[in-house]
Amino acid sequence: MSETLITNAVTIVIALFAGIVALHQVKLNIVSDARIKWIESLRDTLSQYCTELDKYSLAKANYFDERKVKSGEDLENALSKFYHPYTETANEVLRLQSKLMLYLNSKDQNHKQIEDLLRQNSIILHDLSDCHVEKIRRNIEQIIRLGKEIFRLEWRKSKRMFKI
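Here it is, written out as structure tokens:
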């Protein structure tokens, strides 16, 4: 009787241990999947934002150039040609900026720096005195550099999750 009791107790303890390990693994898989989706979404949105911001800066530069050199009916024709792409890309940049702000964690230093660059770009976006092409390009380069650092750190965190 005592051997059967010991055998059953050992079996139950092993089953409980296996269940706890399985639950832990399921939790890690769920967290890992969520992290991968977040990283992919952040990467895609950062990429789209940088592309649209560059397109915006070119559209704004074209619009400003046409405004400087033309007048009268030529100016109206040129502005109608360049104004729509300028406003369309500006709206898309603002949409993507809002989306990025929701992905970022203000408590993390790299995320905070990207948020600051997004705010700077928003101010530049609404500045009608200059097109700031070089400043926008520098900001894009910084955003890409910071994004790479975020992705590197997140990859390290993901690798550490599965160490046993």
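Going by our numbering, the letters in the sequence shown line up with residues 7 to 170, in that order.
Yeah, the Cβ is synthetic: ideal placement off N, Cα and C, and Gly gets one too.
| query | result |
| --- | --- |
| Flag this pair as yes or no: are the beta carbons of residue 164 and residue 38 separated by less than 9 Å? | yes |
| Rounding to the nearest angstrom, what Cα-Cα distance links residue 138 and residue 30 in this structure? | 51 Å |
| Would the beta-carbon of residue 110 fall within 9 Å of that of residue 48? | yes |
| Would you please state the rounded distance, in angstroms, between the beta carbons of residue 127 and residue 150? I believe it to be under 8 Å. | That pair is no contact at about 13 Å. |
| Tell me the residue span of the alpha helix (DSSP H) that contains residue 117. | 115-132 |
| Check for me: the alpha helix (DSSP H) holding residue 8 runs from which residue to which? | 8-75 |
| I need the DSSP call for residue 86, collapsed to helix, strand or coil. | helix |
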